[in-house]
Amino acid sequence: MSGEETNKDDFNTDPKGKRRHAKRDVAEPDPKIKYPTFKGNTNPDLYLDWEMKFEQIFRMNDWSEEKKVKLASFQFSDFAIVWWEDLQLKRWLKGKGPPRTWEKLKKLMRKKYVPSYYYRELNRKLRMFTQGSLAVDEYVHQLDLLKMCAGVQEGEEASMTRIIDGLRGEIRDKVVMYTFVDKEELVHKAIKVEKRIKEKHSKSSSSGWKDSKSASRWKDSKTKKDNVKFPHKAKEESKPKTDGGKKLVFESSSNDRTVSIKCFRCLGKGHIASQCPNKRAMILKDNGECESAHSSEGDDDMPSLEIDS
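Structure below.
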């Protein structure tokens, strides 16, 4: 077994002088640094975010591996504390001590909080990831974050190819015309191209708006001039059309048809025999002459035309 696996108390097996040095090294957390906490959530993204933040802190400070492990485990809370205590107990029963390095702690925590399928999903997402509606700098940042979470290590050329392939078409078509020394130069050129395209679209949109506004002003001006030249025409056009006009046309047509109707009772026009207001009935004689006759009260049902035999 290695030194890590054979000691029950890794922090108390060194000589006295070194142990005192370790105590000075693992002092209270620096109050100027904001350490992230981890509650033991089952969401892999939350753990990886916590891990990444501690990576940044450790890169900025030259601390021993022992101090890194103690500082990180000191930020456990809720379910993470339960897991941490249980892990140490199980290792102690097997004759092992707690993890002595930050890399070992990360390995144990990833085994617990990051399922194997998560990396497959990350790699699939990484292969399909494109710029879309993102800005160039944001697209590259998220791409780098995906690669880091998925544990993908690739060379400079492979990284540049991945970036170019994911750019929007209008940007990619211009970027591929240049040559680049490294990834940073590629990103700067892509940002510059994106800026020029935005400026071009902005000018085109502004020009179209001005043309539309000018056309609208010309139309309004022409309308005002026409109103001055032809005031009666403008007045007629501005007068709203109502159903009255249609009704008049309908009534006129209806009156024409009514006038052509002939009453066979009084021989008048404009009504039928059953609606005849005349109390006298006209009798047509053999010689063609008409003679009027009084009608009784209930003679509305009588035939409208009588022929004297």
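Counting from 0, one number per residue, gives the positions in the sequence shown under numbering that gives the first Met the number 0. Even for Gly, the Cβ is constructed at its ideal location relative to N, Cα and C. Nothing here was measured: the structure is a model prediction, and the numbers come from that model.
Here Phe-73 is exposed. Its C-beta has fewer than 16 other C-beta atoms within 10 Å. Here Ala-157 is exposed, its C-beta having fewer than 16 other C-beta atoms within 10 Å.
The three-state secondary structure of Lys-93, taken from DSSP, is coil. The C-alpha of Thr-41 lies about 14 Å from the C-alpha of Leu-107. In this structure, Lys-38 sits away from Ala-71, with a CB-CB distance that is not shorter than 8 Å. Annotation: Val-174 to Lys-105 spans about 39 Å, alpha carbon to alpha carbon. Spanning the alpha carbons of Asp-164 and Asp-48 requires a straight line of approximately 27 Å. About 13 Å separates the beta carbon of Val-68 from that of Arg-90, a gap too long to meet the 8 Å contact definition. Lys-182 sits away from Glu-153, with the two beta carbons spaced by 8 Å or more. The C-alpha of Val-192 is placed about 12 Å away from the C-alpha of Asp-136. One thing to note: Leu-166 has its Cβ no nearer than 8 Å to the Cβ of Leu-145. Take Arg-119, set aside five residues on each side of it, and no residue of its chain has a beta-carbon closer than 6 Å to its own.
Taken through DSSP and simplified to helix, strand or coil, Lys-268 comes out as strand.
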